[in-house]
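J.: Read in the working numbering, the sequence shown has 109 at position 109, and its numbers run on one by one without any break. To start, I am sharing the structure in question, which I have written as structure tokens.
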Amino acid sequence: MEVAYSVPLFGCLIIYMPEGGNVSNRQAQSLEEKITKLVKCAQRRNIRKTVVAGALIALFALIMAYDIYQQPKDTLAIIGSGVIILALLLDITVIWWKLHIPKSELSAFPPTQFPDKWKQRLTHQARMLRLVWLWYLLPLFLGLFIYLLSVYDASSGAVIIPLLIQAVACIGIWQFNFKVAKQIERDRDAWFGNLRTV
């Protein structure tokens, strides 16, 4: 029996396919549909994240420009905004360089004919989500940390609560991405469990 459920962050509707046995025409078609949905969902996810990152880049660029013009001595705010912008640019780069799956691959490499390629694709998606702390959270946390030091008086301890909130949010995002990565790996094994990746 196939079970459908949604994965919010990865943005895909994942449908289990029973393991084992030869792949029938119906199952093969089902596999094609699943991979097609995954590619479309991954593309929508990439576009959403790019739009959000672009909006934040514009916001912190304005903040940095204001600080440079009005408060040139506030170096922490300027540096913090700069690091945040660089972190978001890195995020966009990784999204379209490492996580992007061209729609043309669906016709160029049909999943039923090139299962190893798509198994590797899912493995790569899961790996990048496991490493989200490195290419997304760590740079962004550093930038926000520097920026918050310019907003709050560090000597009074007022910055502690915002930093704790930021840390909890980052840990939560990392844990969620880790769970999604494990789910992608389970789906990969369910779809391509009998195949060996070259």
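Where a beta carbon is used, it is the ideal one built from N, C-alpha and C, also for glycine.
Taking its Cβ as the centre, do 16 or more other Cβ atoms sit within 10 Å of K49, making it buried, or is it exposed?
T.: buried
J.: Let me check understanding here. Comparing Cα to Cα, which of L134, A53, V159 lies closest to F145?
T.: V159
J.: Please name the residue, chosen from V52, A53, R44, G80, that lies closest to I63 on a Cα-to-Cα basis.
T.: Measuring from the Cα of I63, the nearest candidate turns out to be G80.
J.: Do you know offhand how far K103's Cα is from V180's?
T.: 22 Å
J.: Could you tell me whether the region 106-114 touches the region 52-60, where touching means 3 or more Cβ pairs closer than 8 Å?
T.: no
J.: Mind checking whether V94 and W135 have CB atoms under 8 Å apart?
T.: Judged by their CB atoms, V94 and W135 are nearer to each other than the 8 Å cut-off.
J.: Please classify K179: does DSSP put it in a helix, a strand, or coil?
T.: helix
J.: Out of I85, F178, L106, state which residue places its alpha-carbon closest to the alpha-carbon of A61.
T.: I85
J.: With a threshold of 8 Å between beta-carbons, can L140 be considered close to chain D, or not?
T.: Going by chain labels, chain D is absent from the structure shown, which holds only one protein chain.
J.: In the DSSP assignment, find the unbroken alpha helix (DSSP H) run with S107 in it and report its ends.
T.: 104-108
J.: Could you work out which residue in L31, L89, Q71, H100 is closest to M128 when comparing CA atoms only?
T.: H100
J.: On a Cα-Cα basis, can you pick out the residue from I165, W133, L106 that is closest to L121?
T.: Note on identity: in this sequence residue 121 is Arg, with Leu being the wrong assignment. Comparing Cα positions, the closest option is L106.
J.: Looking only at its chain, what residues have a beta carbon closer than 7 Å to the beta carbon of W133, apart from the 5 residues adjacent to it on each side?
T.: Around W133, the same chain offers W174 as residues with beta carbons nearer than 7 Å, after the five sequence neighbours per side are excluded.
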